[in-house]
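Taking this note's numbering, I'd label the letters of the sequence shown as residues 6 to 249. Glycine included, C-beta positions come from ideal geometry on N, C-alpha and C. Please read all numbers here as calculations on a predicted model, not as lab measurements. Worksheet for the structure shown next.
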Amino acid sequence: MTDVPFELRHEADAEGVVAAVFADIRRRMTFVPAIFKALAVDPEALERGWLQARTLVDHPGFADATERLRSQAAPSSAPTGSPGLAEAVAPFVAELPGMLLVVSSLGLALDGRIPLRAPPPLGLDHDDTPPEPIVPELHDHHQRYDDVRALYGTAHVPTLYRALAAHGLLDEAWATVEEVLTGEGAAERVERLAASGEDEALGLADWGCFDARHLKPVLAQFRIALPRNLLVAVALETASAAPR
């Protein structure tokens, strides 16, 4: 396991610049992804990370790029699951392709594969407050959380699984999770999707402003998680729609 403990600053606890950035994120996304909650421990790093991410999210080619990634994540087989799974994972199927682009772009900046520029002002109202969260999360321990960490090799549990646990669906979803991430060809699919995320990110922006090298170990965990999360979310959505 990659033992990189880090703190998440949740929306209910956000103040000042962190609240302003979270509110700006929520104007574009249905929830604040965990990568920004992790960056929020360093407000300057959060500002730079979101500014670089916002460049991608507001790019006219963003929708097409995310659709290509979503299509690439489609499962080769059709698992089955309860109808509630589709509703629970819908926000993630919508947002995870974009988050794969964002995390890939931030990683490219820290890897020196895209040049850094001085960030322009974000232009945020620091008295702004984020909307109420609409994606439930179970922050208390769940018996499957240790399984998630072991399977991913990370120290954190992605929001996808905390939401499934809050809906009471994580145990049901687990067989599909294991099939998607440990079945034949799973490692190759993860690698291809991660590489596609980097290629798509490079196609949208060839510069960055995220230079928080002290947070590179934290970002590394999200680079591990994002392609896996997208594969799992799309498979669970497909499972919910499959004939029973």
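From the listed residues 108, 115, 95, the smallest Cα separation to residue 140 is found for 95. In the DSSP assignment, residue 106 forms no beta bridge with any residue. Taking residue 20 as reference, the option from 62, 60, 42 with the minimal CA-CA separation is 42. Secondary structure in the segment 200 to 232: no beta strand (DSSP E) run of 3 residues or longer lies completely within the stretch.
For residue 48, the uninterrupted alpha helix (DSSP H) run begins and ends at 48 to 62, by DSSP. Rounded to whole angstroms, the separation of the alpha carbons of residue 217 and residue 193 is 30 Å. Per DSSP, residue 37 lies in no alpha helix (DSSP H) segment and is marked neither H nor E. Per DSSP, the unbroken alpha helix (DSSP H) holding residue 187 starts and ends at 175 to 187. The C-beta separation of residue 205 from residue 73 comes to about 7 Å, placing the pair in contact by the 8 Å criterion. Between residue 159 and residue 200, the alpha-carbon positions lie close to 20 Å from each other.
Judged by DSSP in its simplified three-state form, residue 121 adopts strand.
By the beta-carbon neighbour count (other beta carbons within 10 angstroms, threshold 16), residue 29 is buried. In the three-state reduction of the DSSP assignment, residue 158 falls in the coil class.
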